[in-house]
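In the numbering used here, the protein residues as written are 334 to 487.
Glycine included, C-beta positions come from ideal geometry on N, C-alpha and C.
Source: prediction; values computed, not measured.
Beneath this line is the structure, given in structure tokens, with notes to follow.
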């Protein structure tokens, strides 16, 4: 059996652990990484339905609903039932949500810088290219594939 640290899945899991730790160091604990992803995507797609937003953040719809409910409780987004489909909800970011996202921009840049700091600039570019390719080419293998486009905005 090969060494555990030669398995890409294990290294990706470790990288995720490191990334989450750095996230809280740089961004504080007001949002989780998944909440940040949802709020960031929502800012780019106001009025989107909850299912489509989950797809854009590459999370399952059940988790997306839970995260959106928590963000609504915090006053960072609003959910409104769609008149043409009462089972779906249109989402918008609140003023408080937009303000918080703006405040987190410097932390997000520091997080990226710290995570990639061990690599040279050329290695950083190569790493991001290769990691992006790995994720894109295996997207459909995920239990929550990234939606490559917005299916429908409200």
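Leaving out the 5 sequence neighbours to the left and right, which residues in its chain are closer than 6 Å to residue i when beta-carbon positions are compared?
| i | result |
| --- | --- |
| residue 396 | none |
| residue 400 | 367, 368, 371 |
| residue 379 | 425 |
| residue 346 | none |
Where does residue i sit, in a helix, a strand or coil, going by DSSP?
| i | result |
| --- | --- |
| residue 415 | strand |
| residue 434 | helix |
| residue 365 | coil |
| residue 420 | strand |
| residue 392 | coil |
| residue 336 | coil |
| residue 375 | helix |
| residue 427 | coil |
| residue 410 | strand |
| residue 471 | coil |
So residue i and residue j are supposed to be a Cβ contact under 8 Å. How far apart are they, rounded?
| i | j | result |
| --- | --- | --- |
| residue 381 | residue 448 | With 8 Å as the limit, residue 381 and residue 448 do not qualify as a contact, their Cβ atoms being about 28 Å apart. |
| residue 480 | residue 389 | 5 Å |
| residue 392 | residue 409 | Contact flag wrong, Cβ pair sits at about 17 Å. |
| residue 360 | residue 434 | Not quite, the Cβ-Cβ distance comes to about 11 Å (not below 8 Å), so this is no contact. |
| residue 404 | residue 372 | 6 Å |
| residue 353 | residue 366 | 6 Å |
| residue 412 | residue 422 | 4 Å |
With 16 as the cutoff for other CB atoms within 10 Å, does residue i come out buried or exposed?
| i | result |
| --- | --- |
| residue 374 | buried |
| residue 387 | buried |
| residue 383 | buried |
| residue 430 | buried |
| residue 475 | exposed |
| residue 364 | buried |
Less than 7 Å between C-beta atoms, sequence neighbours within five positions excluded: which residues of the same chain meet that for residue i?
| i | result |
| --- | --- |
| residue 343 | 337 |
| residue 452 | 460 |
| residue 349 | none |
Excluding sequence positions up to five away, which residues of its chain have a Cβ less than 8 Å from the Cβ of residue i?
| i | result |
| --- | --- |
| residue 406 | none |
| residue 457 | 449 |
| residue 356 | 366, 369, 444 |
| residue 440 | 359, 360, 361 |
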